[in-house]
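Colleague:
Chains as they are written, first to last, in this note's numbering: chain A, 715 to 1065; chain B, 10 to 197.
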């Protein structure tokens, strides 16, 4: 199929009936979550991390170990699905699905091109932040339902940490929202694409330039939201085995695993949309139909770039202590984010 | 994170330095070539590890891989079996008359070895048996590839342990001029 045929095919998209559009979007959502999670795990968790330690990582399954992930999935599917005897069975079994559902819901607001979106509503980023915190409930369910002291401690630590870092995450976004005058992610992309830097509009105006402080706060808070090192106190393996995931095995552990890295991908995508211009690349008109095809690829490229930062930090720094972690959130990031909002709002009105 | 929040910014240079360490290791591993080929990625040359089943590193000569038995020196004295913390050495023997060393002498009584097994499924490679043997019958060999699909096959019998003797390296001096202390293995 030629490129022009694909583009005209997308033109037909709007004439499809509701169930056809919906099934295409469900399939696209599955691909977007699983493909991105797989890419991140292979490129970053397997390869880049190995290179950071002067080794090669998986090399046997497929060329350069590229099929290692399929082997891992096959391994997890073979394992027995164990439920502890004293566990709250329903809560225990439902927890990984709640965590994964929050990841899929986060994806819903992401635009992949001028017409390639799942839903376009003016709640946008607000909806994303709201459903993003549903994963807290899943983690608390896992921690409580396991009937294990490690799981319970891990779940409580995770809850405390996730709630603490929701705040700077949200406040960092507010700066962008003020500047873009919209909470619709599609609109935020278009504002960046059409923006100008002191009258020079060649690369648009990605908000990483004007909202650099917000970007830093967002990345730090994101790292904590994903419970990646150095914020991995909830799954600290030297004290809590693997925290709330301790009692899980087989498929359910795999779901947590996919959820962890898919969420890393989706949060990176949100950061890319907010600060790096989303699916837009300079040189084309933002209304160009071509963006419906290359837009998602551009977005994935930016996701890989941003998630590289996450994994780079993850494999460089040691773990925060619990009190240090909370102090960083409440006494440093929140005031900084509030100051950022004030400065942005004042400049928005003045300029 | 510093105790006072004002000191938080003082940690930034250290954080950046840490990122530089891991980042430069990635670059050194992926792009090890110099000169015109600098931008050709060759991680298999830049990595510090080797791909084991395909490439094998020679173990150090005194590596503790597997224990070999020099059967002719063994007198079935049971010292090794009794010192073994895991009780993984099984020895059986019987007394036998050997011909006299000199013509006209009395026949000598020697201990003949019937069974000498080491169960490598139990062995923890502490080397106490090698140290404690007064007759230089046990030796460390650097060979390490003797895994088995069945755990029972890890019980190496007398013949198998004797086969490992071929892999025992020549004894090297511990330090210069220490050849006087060199362990001697008399002919069987």
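In this text, a Cβ means the ideal position worked out from N, Cα and C, and glycines have one as well.
Fair warning: this is a prediction, and the values are worked out from it, not measured in the lab.
1) For residue 765 (chain A) and residue 35 (chain B), which I take to be in contact (beta-carbon distance under 8 Å), what is that distance rounded to the nearest angstrom?
2) I'd like to know whether the C-beta of residue 1030 (chain A) is nearer than 7 Å to at least one C-beta of chain B.
3) Report yes or no: is there a C-beta of chain A within less than 7 Å of the C-beta of residue 20 (chain B)?
4) Could you give the distance in angstroms between the alpha-carbon of residue 833 (chain A) and the alpha-carbon of residue 45 (chain B)?
5) How many Å lie between residue 154 (chain B) and residue 1024 (chain A) at the Cα?
6) Is residue 47 (chain B) buried or exposed, if buried means 16 or more other CB atoms sit within 10 Å of its CB?
7) Between the beta-carbon of residue 849 (chain A) and the beta-carbon of residue 816 (chain A), is there less than 7 Å?
8) By DSSP, does residue 100 (chain B) sit in helix, in strand, or in coil?
9) Reducing DSSP to helix, strand and coil, say where residue 898 (chain A) ends up.
10) Going by DSSP, what residue range makes up the alpha helix (DSSP H) through residue 966 (chain A)?
11) So, is the C-beta of residue 773 (chain A) closer than 7 Å to a C-beta in chain B?
12) Going by DSSP in three states, residue 117 (chain B) sits in which element: helix, strand or coil?
13) Run down chain A in chain order and give the residues with a C-beta less than 7 Å from the C-beta of residue 53 (chain B).
14) Listed from N- to C-terminal order along the chain, which residues in the segment 742–766 of chain A have their beta-carbon within a distance smaller than 7 Å of any beta-carbon of chain B?
15) Between residue 57 (chain B) and chain A, is any beta-carbon pair separated by less than 7 Å?
16) Just the Cα atoms here: how many angstroms apart are residue 149 (chain B) and residue 76 (chain B)?
17) Tell me the DSSP bridge mates of residue 914 (chain A)?
18) On the CB-based measure, 16 or more other CB atoms within 10 Å of its CB, does residue 20 (chain B) come out buried or exposed?
19) Taking Cβ-Cβ distances below 8 Å as the criterion, which residues of the segment 994–1027 of chain A are in contact with chain B?
20) Is DSSP giving residue 784 (chain A) helix, strand or coil here?
21) Listing by chain order, which chain A residues have their CB less than 8 Å from the CB of residue 39 (chain B)?
22) So, is the C-beta of residue 102 (chain B) closer than 7 Å to a C-beta in chain A?
23) Output yes if chain A places a C-beta closer than 7 Å to the C-beta of residue 81 (chain B); else output no.
24) Please confirm whether residue 28 (chain B) has its beta-carbon closer than 7 Å to some beta-carbon of chain A.
Modeller: Based on what the coordinates show:
1) Here residue 765 (chain A) refers to the residue found at position 51 when the first chain is read from its first residue. Here residue 35 (chain B) refers to the residue found at position 26 when the second chain is read from its first residue. Right, the Cβ-Cβ distance comes to about 4 Å (below 8 Å), so this counts as a contact.
2) Counted from its first residue, the first chain places residue 1030 (chain A) at position 316. Yes, residue 1030 (chain A) lies at the interface with chain B (some Cβ there is under 7 Å from its Cβ).
3) Indexing the second chain from 1 puts residue 20 (chain B) at position 11. So no, residue 20 (chain B) is outside the interface.
4) Position 119 of the first chain, counted from the start, is the residue given in the question as residue 833 (chain A). Position 36 of the second chain, counted from the start, is the residue given in the question as residue 45 (chain B). C-alpha of residue 833 (chain A) to C-alpha of residue 45 (chain B): approximately 50 Å in a straight line.
5) On the second chain, residue 154 (chain B) is found 145 positions in, with the first residue counted as 1. On the first chain, residue 1024 (chain A) is found 310 positions in, with the first residue counted as 1. Going by the C-alpha atoms only, they are around 40 Å apart.
6) Taking the first residue of the second chain as position 1, residue 47 (chain B) is located at position 38. Exposed is the label assigned to residue 47 (chain B), since fewer than 16 other Cβ atoms lie within 10 Å of its Cβ.
7) On the first chain, position 135 is the one that residue 849 (chain A) refers to. On the first chain, position 102 is the one that residue 816 (chain A) refers to. Taking C-beta atoms as the reference points, residue 849 (chain A) and residue 816 (chain A) count as a pair closer than 7 Å.
8) Position 91 of the second chain, counted from the start, is the residue given in the question as residue 100 (chain B). Three-state result, residue 100 (chain B): strand.
9) In the first chain, the residue the question calls residue 898 (chain A) occupies position 184. Coil.
10) In the first chain, the residue the question calls residue 966 (chain A) occupies position 252. 964–989 is the extent of the alpha helix (DSSP H) around residue 966 (chain A).
11) For the purposes of this step, residue 773 (chain A) is identified with residue 59 of the first chain, where counting begins at 1. Judged by the 7 Å Cβ criterion, residue 773 (chain A) is in contact with chain B.
12) The residue given as residue 117 (chain B) occupies position 108 in the second chain. In the three-state DSSP reduction, residue 117 (chain B) falls in the strand class (E or B).
13) Reading the second chain from its first residue, position 44 is the one you call residue 53 (chain B). Within 7 Å Cβ-Cβ: 770.
14) The segment 742–766 of chain A vs chain B, Cβ under 7 Å: 762, 765, 766.
15) Within the second chain, residue 57 (chain B) is the residue found at index 48, counting from 1. Cβ-Cβ to chain A under 7 Å: yes for residue 57 (chain B).
16) Position 140 of the second chain, counted from the start, is the residue given in the question as residue 149 (chain B). Position 67 of the second chain, counted from the start, is the residue given in the question as residue 76 (chain B). So the alpha carbons of these two residues sit roughly 5 Å apart.
17) Your numbering for residue 914 (chain A) matches position 200 in the first chain. Checking the DSSP bridge columns, you'll see residue 914 (chain A) partnered with A:911.
18) The residue given as residue 20 (chain B) occupies position 11 in the second chain. It is exposed - the Cβ of residue 20 (chain B) has fewer than 16 other Cβ atoms within 10 Å.
19) Hits within the stretch, in order: 1026, 1027.
20) The residue given as residue 784 (chain A) occupies position 70 in the first chain. Here residue 784 (chain A) sits in helix by DSSP.
21) Reading the second chain from its first residue, position 30 is the one you call residue 39 (chain B). Within 8 Å Cβ-Cβ: 765.
22) Taking the second chain and counting its residues from 1, one reaches residue 102 (chain B) at position 93. Residue-level contact by beta carbon fails for residue 102 (chain B) and chain A, as no gap is shorter than 7 Å.
23) For the purposes of this step, residue 81 (chain B) is taken as the residue at position 72 of the second chain. Interface criterion not met: the Cβ of residue 81 (chain B) is under 7 Å from no Cβ in chain A.
24) Position 19 of the second chain, counting from 1, holds the residue named residue 28 (chain B). Yes, residue 28 (chain B) counts as interfacial toward chain A.
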